[in-house]
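Asker: Its first residue numbered 2, the sequence shown is counted upward by one per residue in the numbering used here. All C-beta atoms in this analysis are idealised placements derived from N, C-alpha and C, irrespective of residue type, glycine included.
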Amino acid sequence: MEKIKILHVLTDSNIGGAGTLLINYLHCFDREKYDISVCLPEGAALAPLVEAEGYRVIPLEHGRDKSFEMSALSEYRKLFRKEKPDIVHTHSAFSAKLAAYLAGVKSRIYTRHCAFDSPKSLTTFPGKQINGFINNTLATQIVAVAGAAKDNLTETGVSEKKITVIINGVNEVRRTTPEEQAELKKSLGIAESTFVCGIPARLEHYKGHAYLVETIKEVTDKYPDLVCLFMGEGSESDNLKKKAAELGVSDKIIFTGFVKDMAPYYNIMDLNLNCSYGTETSSLALSEGMSLKVPAIATTFGGNPYMITEGVNGLLVPMKDSHAMAEAILKLVSDRELLGRLGEGARSEYEKKFTASAMTRQLEAIYDAEYARTHKKK
């Protein structure tokens, strides 16, 4: 049987949620059935990880970190005509989505990775109708990574019939040895008995780190033996470090910078935090933590309430509420039995809902249906 030829297109130069999600897909795809290549900006940080999974990377000159760029449109169009893929699957790359349509690619899929408050201009006439027409024309199928992402699409005119919700899944995070855990804590200046919280997220305002700095101040005033790992880079880095210094918690917040291998860090975390109030759908970081029995405290924004069930695998708090987050952390710090039960619940929820293999099988079903639709015998 001839393999189904698929091109994935990402524009990110760094590794974000979309890139991590793609690696999880690549790890689980049926390689006997699908011939997959990944188009990335030249020098993209994701490229070595794609190649390590055994897939071809096609480096592109244009479109770096931009959803739309005219020069990228031309480059994508030439590439698609040359490669002749059965399916083009784009991730936050409008240039590639439009180019696939113009190049005559019959199956055009894109994934909606984020959820946010839609502007009124896109939910009312005529913006809703225009946006819906464009997206319904350019995409033959759409994957939404959470119900919140699907709602964003439908409220801006996209046909519900085109959308399939596939919740983000992850590969199980590897366990490290007690010796490795002790060594990492030592390198970070963390005492063995210290309670460790972590927030694996880009340092951008919508991830809510600024509120978390206030939370850590309130928590450590009452429970000093606690630290929080801020794992990521972003435009808010300097502002957050300044705020931590002003509140006197610079020694309680460890800014790790970008972490290529998150596994060792998850293994030393007692609690996984998510403070988002923008763009959150189904958090990969929450799923990864759950695979290691790390419970979470998350805001009620976006897809978080689907992933975290109150009292089962974590706790939920209102967004932008540093005091509520502090109270939730202190509750689990003081009740280790509850913390342990939530950890067991986290692992159970991961196995039922959030594995990478289950996610990939759902995407493969879309590919198969699209291929069958476009290759019907005449």
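Keeping to the same chain, check which residues put their C-beta closer than 7 Å to that of threonine 221; ignore five residues upstream and five downstream.
Answerer: Result list for threonine 221: Leu227, Val250, Lys253, in chain order.
Asker: Candidates Glu205, Gly258, Phe256, Leu241: which alpha carbon is nearest serine 277's?
Answerer: Looking at the Cα atoms, Glu205 is the closest of the given residues.
Asker: Using 8 Å as the threshold, is the segment 295-306 in touch with the segment 142-161, meaning 3 or more CB pairs across them?
Answerer: Verdict: yes, contact present.
Asker: List the whole-angstrom C-beta distance separating histidine 90 from histidine 210, where the pair is believed to meet the contact cut-off of C-beta under 8 Å.
Answerer: Contact flag wrong, Cβ pair sits at about 31 Å.
Asker: Quick check: the Cα distance between arginine 337 and arginine 175, rounded to an integer number of angstroms?
Answerer: Going by the C-alpha atoms only, they are around 24 Å apart.
Asker: Using the rule of at least 16 other Cβ atoms within 10 Å of the residue's Cβ for burial, across every protein chain shown, is arginine 374 buried or exposed?
Answerer: Flag for arginine 374 reads exposed.
Asker: Kindly provide the ranges of any beta strand (DSSP E) runs that are 3 or more residues long and lie completely inside the segment 298-323, ordered along the chain.
Answerer: Complete beta strand (DSSP E) runs here, min 3: 315-318.
Asker: Classify aspartate 222 as helix, strand or coil using the three-state DSSP reduction.
Answerer: The answer is helix: DSSP assigns aspartate 222 an H, G or I state.
Asker: Please state whether DSSP places arginine 374 in a helix, a strand or coil.
Answerer: In this structure, arginine 374 counts as helix in the three-state DSSP scheme.
Asker: Go ahead and label glutamate 156 buried or exposed: buried means 16 or more other beta carbons lie within 10 angstroms of its beta carbon, across all protein chains shown.
Answerer: So glutamate 156 ends up on the exposed side.
Asker: Any idea what DSSP makes of methionine 263, helix, strand or coil?
Answerer: Here methionine 263 sits in coil by DSSP.
Asker: Looking at the strands, I want to know which residues DSSP matches up with cysteine 229.
Answerer: Beta-bridge pairing links cysteine 229 to Cys198, Ile254.
Asker: Check the DSSP bridge columns for leucine 61 and list the partner residues they point to.
Answerer: Its beta-bridge partners are Pro42.
Asker: Measure the beta-carbon distance from lysine 218 to leucine 248 and round it to whole angstroms, keeping in mind my assumption that it falls under 8 Å.
Answerer: Indeed, because the Cβ distance is near 4 Å, the residues count as touching under 8 Å.
Asker: Starting from the Cα of glutamate 180, find the closest Cα among Ile367, Pro265, Lys294, Tyr77 and give me that residue.
Answerer: The candidate whose alpha carbon is nearest that of glutamate 180 is Pro265.
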